[in-house]
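Report on one structure; see the data block that follows.
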Amino acid sequence: MKIYSSLSPFKEQVFGGSIRSFAQIADKLKIAGLDGIEINSIIFEKNYQNLLPFNFNFRGIDYSMVTLHSNYLDFNLGSANSFTRNAGIEQVVNEYEFAENNGVRIVTIHPGRVKGIPREAAMGLLWNSLSDIYKRIEQSETKLCIENMDNKQEKLCNRLSEIEKTLSKFPDLGLTVDFAHLGLNNENIGMFIEKFKSRICHIHISGVKKGYRHGDVSLSRSEIDFMPFLTSFVRKNITAVIENSRWDDVIESKKVLEKLGNKG
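Under this note's numbering, the first residue of the sequence shown is numbered 1, with each subsequent residue one higher.
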């Protein structure tokens, strides 16, 4: 199992100007013993006014140590507004092609949300969007994955039945399993992993603690012990992305994952 960080713990340094290129991020990852990084695009949109000092050309980082997380603002593949939906489709296709052309092997997308229409209708629109996406992309070593979402009512694919139906309709679609989301949804984690084990291609991991955002909770402080459910992934060629917001928490979570790998 490879251990990555998300881009979140670098956010303040990036927008403060002390980190100006991915080369600097790559150096910090190497020193910390992390295998790579997941680029989550939403932090750029939330801080668009501060982007000037940042170097977007990925200089100094090997694309093979990058995964992409398409969690854009206003992104909704289940939207009743066809313009919103089509913009999301275009965004996924563009990002997938970028990944494919540069050797990035995982692209994780958010399914979308229900807004102003029945939930079943939003799911149907999501499936239509995915069909349109698959008509436009060529299958390659790059895997498109959908993420199980958190416990916010409007989120699509935060229910096991919705994930099951979506994966059954799209046999080439992978699953990025977010363990914190499973915990927030009070999901039977063992059953979930067993049910979808053949489709799980990627992992998001952080702790869960009542009253805290899951990105603010390291695995060492988590009220749910996810480690028993991760054992089956340790010796597989799969990437676990630590989704902590603070660098110190990333390092703490990394230590927990490394202990898991040393067992047995």
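Using N, Cα and C, we set each Cβ at its ideal position, and we do this for glycine too.
As the structure is a computational prediction, the values presented were derived from the model and not from experiment.
Checklist entry - How many whole angstroms separate the CB atoms of E100 and S140, which I take to be in contact at a CB cut-off of 8 angstroms? => result 5 angstroms
Checklist entry - Touching or not, the stretch 252-259 and the stretch 11-24, by the rule of three or more beta carbon pairs under 8 angstroms? => result no
Checklist entry - When the Cα atoms are used, what is the spatial distance from V93 to G33? => result 32 angstroms
Checklist entry - Would you say P118 and C157 are within 8 angstroms of each other, going by their C-beta atoms? => result no
Item to check | Collapsed DSSP secondary structure at G33 in the structure displayed | outcome: coil
Next on the checklist: Tell me which residues share the same chain as S220 and place their Cβ nearer than 8 angstroms to its Cβ, disregarding the 5 neighbours each side in the sequence.
Outcome noted: G207, E252, S253, K255, V256
Checklist entry - Does DSSP put N102 in a helix, a strand or coil? => result helix
Checklist entry - First and last residue of the alpha helix (DSSP H) that includes G215? => result Premise fails: G215 is in no alpha helix (DSSP H) and is neither H nor E.
Item to check | Residue environment, R20, which counts as buried when at least 16 other CB atoms sit within 10 Å | outcome: exposed
Item to check | Same chain, Cβ closer than 6 angstroms to E97, neighbours up to 5 away in sequence not counted | outcome: none
Checklist entry - Is the beta carbon of F229 less than 8 angstroms from the beta carbon of I189? => result yes
Next on the checklist: Can you tell me where the alpha helix (DSSP H) holding I203 begins and where it ends?
Outcome noted: Here I203 belongs to no alpha helix (DSSP H); instead the beta strand (DSSP E) covers 200-205.
Item to check | 8 angstroms Cβ shell around E258 - same chain, five flanking residues per side excluded | outcome: I3
Next on the checklist: With a threshold of 6 angstroms on Cβ separation, who are the neighbours of N55 within its own chain once the five nearest residues in sequence on each side are excluded?
Outcome noted: Note that N55 has pLDDT 49, beneath the 50 cutoff, so the model's placement of it is unreliable and no number is given.
Checklist entry - Thinking just about the alpha-carbon of each residue, which of N237, M191, D178, Q24 is nearest to the one in N148? => result D178
Checklist entry - Considering I146, what are the terminal residues of the beta strand (DSSP E) in which it resides? => result 143-147
Item to check | Endpoints, beta strand (DSSP E) assigned at Y4 | outcome: 2-6
Next on the checklist: Taking contact to mean 3 or more Cβ pairs, one atom from each stretch, closer than 8 angstroms, check whether the stretch 212-226 and the stretch 238-246 are in contact.
Outcome noted: yes
Checklist entry - How is R113 classed by DSSP in three states: helix, strand or coil? => result strand
Next on the checklist: Could you give the first and the last residue of the continuous beta strand (DSSP E) run that contains T176?
Outcome noted: 174-178
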